[in-house]
Structures are given as structure tokens and as C-alpha cells.
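Participant: Numbers 1 to 471, taken from the UniProt record's numbering, label the letters of the sequence shown in order. Glycine included, each C-beta is placed from N, C-alpha and C at the ideal position. Quick caveat, the model's predicted, so the values are computed rather than measured.
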Amino acid sequence: MRPHASSKSSSQLALNLKSFAITKNAFLPEHSPCKALSNAYYQAWEAVALSLPALLATGELRTAIRSLPILSVDFLQSEAEWRRAYVILGFMMHGYIWGGDHPEEVLPPQITVPLLQVSNHLELPPVLTYAAASLWNFSSDQDDFSDLESIETLFTFTGTESESWFFLISVAIESKAASAIPVMLLALDAVKEKDFATITQALWQLRTCIQDLHGLLQRMYERCDPTVFYHKIRPFLAGSKNMEAAGLPRGIFYDEGGERGEWRSLRGGSNGQSSLIQFFDIVLGVDHSTPIPGQKSFHQEAREYMPGPHRRFLSYVELLGSIQKLAVAAKLSPDPVQMQLCEAYTAATEALATFRSEHMQIVTRYIILPARSAARGVGSKRLDVEKRPQNLASLTISAHEGSQKLRGTGGTMLVPFLRKARDVTIEAGRLDKKAGVVLLSGQRWFYGLFLLAMPCFFVLLLTPQHLPLLQ
Ligand code: HEM
Numbered sequence: 001m002r003p004h005a006s007s008k009s010s011s012q013l014a015l016n017l018k019s020f021a022i023t024k025n026a027f028l029p030e031h032s033p034c035k036a037l038s039n040a041y042y043q044a045w046e047a048v049a050l051s052l053p054a055l056l057a058t059g060e061l062r063t064a065i066r067s068l069p070i071l072s073v074d075f076l077q078s079e080a081e082w083r084r085a086y087v088i089l090g091f092m093m094h095g096y097i098w099g100g101d102h103p104e105e106v107l108p109p110q111i112t113v114p115l116l117q118v119s120n121h122l123e124l125p126p127v128l129t130y131a132a133a134s135l136w137n138f139s140s141d142q143d144d145f146s147d148l149e150s151i152e153t154l155f156t157f158t159g160t161e162s163e164s165w166f167f168l169i170s171v172a173i174e175s176k177a178a179s180a181i182p183v184m185l186l187a188l189d190a191v192k193e194k195d196f197a198t199i200t201q202a203l204w205q206l207r208t209c210i211q212d213l214h215g216l217l218q219r220m221y222e223r224c225d226p227t228v229f230y231h232k233i234r235p236f237l238a239g240s241k242n243m244e245a246a247g248l249p250r251g252i253f254y255d256e257g258g259e260r261g262e263w264r265s266l267r268g269g270s271n272g273q274s275s276l277i278q279f280f281d282i283v284l285g286v287d288h289s290t291p292i293p294g295q296k297s298f299h300q301e302a303r304e305y306m307p308g309p310h311r312r313f314l315s316y317v318e319l320l321g322s323i324q325k326l327a328v329a330a331k332l333s334p335d336p337v338q339m340q341l342c343e344a345y346t347a348a349t350e351a352l353a354t355f356r357s358e359h360m361q362i363v364t365r366y367i368i369l370p371a372r373s374a375a376r377g378v379g380s381k382r383l384d385v386e387k388r389p390q391n392l393a394s395l396t397i398s399a400h401e402g403s404q405k406l407r408g409t410g411g412t413m414l415v416p417f418l419r420k421a422r423d424v425t426i427e428a429g430r431l432d433k434k435a436g437v438v439l440l441s442g443q444r445w446f447y448g449l450f451l452l453a454m455p456c457f458f459v460l461l462l463t464p465q466h467l468p469l470l471q
């Protein structure tokens, strides 16, 4: 790395990052979120939010929320308090909607009125987003938020260890990746000058970082029980978009009182709303856009569910240099320094694709298998859920539909969606193919044809008895 250039860029970078609300903990706050709203005026909110598991278990939450006063947001004293108010109201909202035998489609003014103002202030939709459930829903007395033994959740629906662990794994992942942000921004900056060495080094660092995150993702199994997750936790995370079958055909009516209000259909909380993973995608040139003109992809829509400054940060990063283009051009060069860049780029995309494959395994364990068991009446007995309230977990799959029809809390058809997200990541790293296309459109078309056809030659070389293995 060039010392002078990098120290100059580092101070500019710190300034830039601050304006996008990115801290030394990346998309997490600089300090542990506050543990209480300081003005006693908000005591009523605090009391309900901290007793959510008990109020839900006894079926008293809806009455408790309807008896609250409609509180003003005027006494929130800092950004950290606005965030805590958003977390409290988001948890109360989802508890209110999904905490009964049937979902409640009208959100009372006790939640709607302050929630609309708080969401507006934070530039977030009025729903329990990933920011509410994970980014701002933890506490720690240590500096390192990636240490799972020293962080704890502020709010849960169930009071279970499974639920806390589910939210905290994401906190640890976000924190662990923090150093990758400045490193990759400097790498993007180095694209202009074709500083291959800086970019290569950064890509190897990124790869190690993603592998560490993979390790944290695998720790989900340690303390989050798939049956508890599927039947008890996940139903509370669902949104109101594409939730007809779960009992919300029109979405949610946000009642503001005095005959005012509006129907809204919003996606629920999903880790797909993590700015971190989208940051990796942008840096590596992974393209999740849909081919249908005018239609937003899940990933584009997920940006609307990120805090405003983080969303703007991703748009800003998209305008910086393309490491992928540089790597494609480097693929055509005999220069060993450039070849090293290609190797590092491919290794980083492979690490991200492997992370996504692991995530698909998790989704199989935590959603697909419990959904199949529920369809056969297994598992629900252990958790005393035979009465089956109407919610996302009661939408079990029938044998002929299979797991292809299952929906995520964010409302996606989850299996095809996750497979595609993984496949486009693999595709991004296929420099041979991309370089081949570039050459075909230029003068060195013969070499391009060779690069594109190489995989076919390998297939033809295989003996007939190997061919079935490829099917
Ligand atoms: C029990 C654990 C988890 C389950 C069951 C799960 C489930 C899902 C589901 C169903 C989706 C589809 C989108 C939707 O409709 O919500 C999704 C998307 C996604 N999840 Fe998870 N998830 C889990 C943990 C995580 C963690 C810890 C991360 C890391 C931050 C993560 C990152 C993502 C991302 C980035 C997407 C968007 C698709 C992609 O870009 O690959 N998930 N998840």
C-alpha cells in the first residue's frame, strides 16, 4: 500500500464514513445502544416492551397496548433514543399484529402515531426491520461487539435463548466485518490508478473476513433451536406484504385516530436488509438486478428497509471504481501482478458464494425441514402449538408443492430466490467467461472463443462412464 496516499485517503475516508453513519463497528452504532429512554414520560412504553414475552404468553398484549396513552416523540433526547423508540415500537407492533390466534389488521394510534414519526426521522419504513431487530437491539459493556459471550439482546418476543441468539449472530457478523469497509473503500479508490498490489491485498483480506463471518453463521446451530425458531420466533418477524394466506389480505391499516389512517403492505424483518452483505456484493460486482424492466429486485427493495444514511452509502459505493472490470481486463494480461489480482478476486467471490451456500443450509434446517415436519404434524406437539394460530408458520407446505412455494419473512419465494442469489455470486467470479465475452466483441475474438469453449472441451474429454456424474 502506498503510505502517503493511504494516510491522506484514510482521514478523508473517516470523514466520509461518518456522514453515512458508519462507525468503527460498521453499520452498528459506535457505542452500545441505550438501555432505557431517559425521560420518565416513556415509562409506559418501556414497561410494555420489556414484558413482551409475558404479555404475549398470557394473551394480554393487545389490551395492554390499547390502554397506553398516545405518547409524543418530543422528549426523545438523542439519536440513540430515537433508535430505541423505533425498536420498542417495532417490537410492540409485531407483537400486536401476530400475538393472537388471528393476525390483527388494524394497528392502533398508540403505536401508529409515534411509529410514523420515529420512522420518518430515521428514514425507515414503519415496521420491524433488520435495524430494529438486530443493529440496534443489543447491549454490551465491552468494545468488541463480535464477542457473542458479552452481547445480549434488549428485546425479544419469546424470552428464549433461541431468539436472542438468532438476533445476536447478526450483530456479531456485522461487527466482525467492520475492518473490511475501509479496506475495500481504499481498494475501490485504487482502481483509478490501477494499483493492483493494494487491491489484491484488500481482496485477500476480504476473503478472510467473509470466511470469519461464515464461521459465525455456523454458530447459529449452537443455541438457536430450529423448531422454536420456526414455530415461535419467525411468525413475529413477518411483514404485511404477500401475507394474504397468513391472514392479512389487505396488509395493515395504520390507524392514526380521528378517522385518519392508511393501508400499507410492507416486507417484514429479514437479514436480507443487511447493508453489509450488499456492500460486499457491490464491491465484488455481484448483480442481483432483475431482467424485467421497471421491476425492483428483492435486493433493490431491501435498501428501502435500511437506515437512510446506510442506503445512501451503498449508492455512493456503486459510483466508485469497479474491481470486477479491472479483474476481467487483468485476466487477459500475462503480467503476474495482474494474475494475482484475478486469483484474489475469484477467491473473494468464492468465499461469498460459500457463505450463501451455508446460509441455504441454515434455511433448510430452520425453515424447510420444520415446515415439512409441521405438514406431517411432527414437532408442533413438542411446542404445544397444535391449536395453530394463523400466521407464517401455519402456512405449511403440501406434499405436491414442495419447498419451492415457501415464503420468507421478507415475503420472497425463498428457495428459488436464495439459490439465484448464490448462483449470481458464483457467476460474478467467472472471469474466464467474462473475459471471453469481452474478447468476442473485440479484435481478439478467436482467443475469446477459446476461453468460452474451454469448459466444453473438458466435458468432451471425459469418458462416457463419467458423464452420469455430471447430471
Ligand atoms: C436462522 C437463521 C436464518 C434464517 C432462517 C434465514 C432465512 C432467510 C430467508 C428466508 C431469506 C429470504 C428473504 C426473505 O424473504 O426474508 C433470507 C435472506 C437473506 N439472509 Fe438470512 N436467514 C438467517 C440468518 C441470516 C444471517 C445470520 C445472515 C447474515 C447477516 C443472513 C443474511 C441474509 C441475506 C444477505 C439474505 C438476502 C439473500 C442474499 O443476499 O443471499 N441470514 N434469509
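In its own chain, which residues sit with a C-beta less than 7 Å from the C-beta of Pro103, not counting the 5 before and 5 after it?
Facilitator: Correct list, in chain order: Ile97, Ala246, Gly247, Leu248, Gln390, Asn391.
Participant: Pop quiz: Ala347 and Thr200 are said to be a contact at Cβ under 8 Å. What is the actual Cβ separation, rounded to whole angstroms?
Facilitator: That belief does not hold up - the Cβ atoms of Ala347 and Thr200 are roughly 10 Å apart, past 8 Å.
Participant: For Arg422, which residues from the same chain have a beta carbon less than 7 Å from its beta carbon, with the 5 sequence-adjacent residues on both sides left out?
Facilitator: Within the same chain, Arg422 has close Cβ partners Ala353, Arg356, Ser357, Met360.
Participant: When the Cβ atoms of the region 111 to 122 are set against those of the region 252 to 272, are three or more pairs found closer than 8 Å?
Facilitator: The region 111 to 122 is in contact with the region 252 to 272.
Participant: On the three-state DSSP scale, how would you describe Trp165?
Facilitator: In this structure, Trp165 counts as helix in the three-state DSSP scheme.
Participant: Quick check: the region 310 to 317 against the region 275 to 292, are at least 3 beta-carbon pairs closer than 8 Å?
Facilitator: In short, these stretches touch, since the Cβ pair count reaches three.
Participant: Does the ligand HEM have even one heavy atom less than 7 Å from the beta-carbon of Ala421?
Facilitator: Yes, since a heavy atom of the ligand HEM falls inside the 7 Å radius drawn around the Cβ of Ala421.
Participant: Distance, Cα to Cα, Ala44 vs Leu68?
Facilitator: Cα to Cα, Ala44 sits roughly 7 Å from Leu68.
Participant: When every heavy atom of the ligand HEM is checked, does at least one fall within less than 7 Å of the C-beta of Asn25?
Facilitator: Result no, Cβ not under 7 Å from the ligand HEM.
Participant: Answer with buried or exposed for Arg250, where buried requires no fewer than 16 other C-beta atoms within 10 angstroms of its C-beta.
Facilitator: So Arg250 ends up on the exposed side.
Participant: Taking the alpha-carbon positions, what's the Cys34 to Ala351 distance?
Facilitator: One C-alpha to the other measures close to 35 Å.
Participant: Along the chain, which unbroken stretches of the alpha helix (DSSP H) at least 4 residues long are found entirely within the region 41 to 82?
Facilitator: Entirely contained in the region 41 to 82, the alpha helix (DSSP H) runs reaching 4 residues are, in chain order, 43 to 50, 52 to 57, 61 to 66.
Participant: Give the secondary structure of Met306 by DSSP, where H, G and I count as helix, E and B as strand, and everything else as coil.
Facilitator: Reduced to three states, the DSSP call for Met306 is coil.
Participant: Can you tell which of Ala371, Met92, Lys331 has the C-alpha that lies nearest to the C-alpha of Leu107?
Facilitator: Considering only alpha carbons, the answer is Met92.
Participant: Could you give the DSSP three-state label for Met339: helix, strand or coil?
Facilitator: Three-state result, Met339: helix.
Participant: Between the beta-carbon of Ala132 and the beta-carbon of Gly239, is there less than 8 Å?
Facilitator: Contact flag unset, no.
Participant: For Ser357, which of helix, strand or coil comes out of DSSP?
Facilitator: If DSSP states are grouped into helix, strand and coil, Ser357 belongs with the helices.
Participant: Taking all protein chains shown into account, decide if Asn271 is buried (16 or more other Cβ within 10 angstroms of its Cβ) or exposed.
Facilitator: Answer is buried; the Cβ neighbour count reaches 16.
Participant: How big is the Cα-Cα spacing for Met1 and Thr198?
Facilitator: Because Met1 sits at a pLDDT of 39, beneath the cut-off of 50, its placement in the model cannot be relied upon, and the point is left open.
Participant: Restricting to Cα atoms, I'd like to know which of Tyr305, Val171, Pro126 is closest to Ile151.
Facilitator: Nearest of Tyr305, Val171, Pro126 to Ile151, Cα basis: Val171.
Participant: Return yes when at least one heavy atom of the ligand HEM lies under 7 Å from the C-beta of residue 525, else no.
Facilitator: Residue 525 lies beyond the range of the chain shown here (1 to 471); nothing can be said about it.
Participant: Taking the alpha carbon of Gln205 as the reference point, which residue from Ser179, Ala190, Gln338 has its own alpha carbon closest?
Facilitator: Here the closest residue by C-alpha is Ser179.
Participant: Does the ligand HEM have even one heavy atom less than 7 Å from the beta-carbon of Cys224?
Facilitator: Answer for Cys224: yes, Cβ within range of the ligand HEM.
Participant: So if DSSP puts Leu107 in a beta bridge, which residue, or which two residues, is it bridged to?
Facilitator: According to DSSP, Leu107 bridges with Tyr254.
Participant: Tell me the start and end of each unbroken alpha helix (DSSP H) in the region 271 to 335 that is at least 4 residues and wholly inside, in chain order.
Facilitator: As far as the region 271 to 335 is concerned, its whole alpha helix (DSSP H) runs of at least 4 residues are 275 to 284, 298 to 303, 308 to 318, 323 to 331.
Participant: Per the DSSP calculation, Trp263 is bridged to which residue(s)?
Facilitator: In the DSSP output, where bridge partners are listed per residue, Trp263 has Phe253.
Participant: For the region 72 to 91 and the region 21 to 33, state whether three or more C-beta atom pairs, one from each stretch, are separated by less than 8 Å.
Facilitator: Counting Cβ pairs under 8 Å, three or more are found: they touch.
Participant: In the DSSP assignment, the alpha helix (DSSP H) including residue 509 goes from what residue to what residue?
Facilitator: Given a span of 1 to 471 for the chain in the structure shown, any question on residue 509 remains unanswerable.
Participant: Check whether the Cβ of Ile277 sits closer than 7 Å to any heavy atom of the ligand HEM, and report yes or no.
Facilitator: Under cutoff, so the answer is yes.
Participant: Restricting to runs no shorter than 4 residues, where is the alpha helix (DSSP H) found entirely within the region 171 to 237?
Facilitator: Counting only runs of 4 or more, we get 180 to 192, 196 to 218, 220 to 223, 234 to 237.
Participant: Of the residues Leu326, Gly436, Gly100, Ser333, which one's Cα is nearest the Cα of Glu60?
Facilitator: Here the closest residue by C-alpha is Gly100.
Participant: Could you pull the DSSP bridge partners for Ala26 from this structure?
Facilitator: DSSP output for Ala26 lists Thr23 as bridge partner(s).
Participant: DSSP state of Glu152, grouped into three classes?
Facilitator: DSSP places Glu152 in strand when its eight states are reduced to three.
Participant: Could you tell me how far apart the beta carbons of Ile169 and Arg219 are, in whole angstroms, since I believe they sit closer than 8 Å?
Facilitator: Going by Cβ atoms, the distance from Ile169 to Arg219 rounds to 6 Å, so yes, they are a contact pair.
Participant: Our contact map puts Val191 next to Gly321 with C-beta atoms below 8 Å; I'd like the distance itself, whole angstroms only.
Facilitator: Confirmed, Cβ separation roughly 3 Å.
Participant: On a CA-only basis, which of Leu154, His94, Asp432, Leu52 is nearest Leu37? Give me that one, please.
Facilitator: Selected option, being the one with the closest Cα: Leu154.
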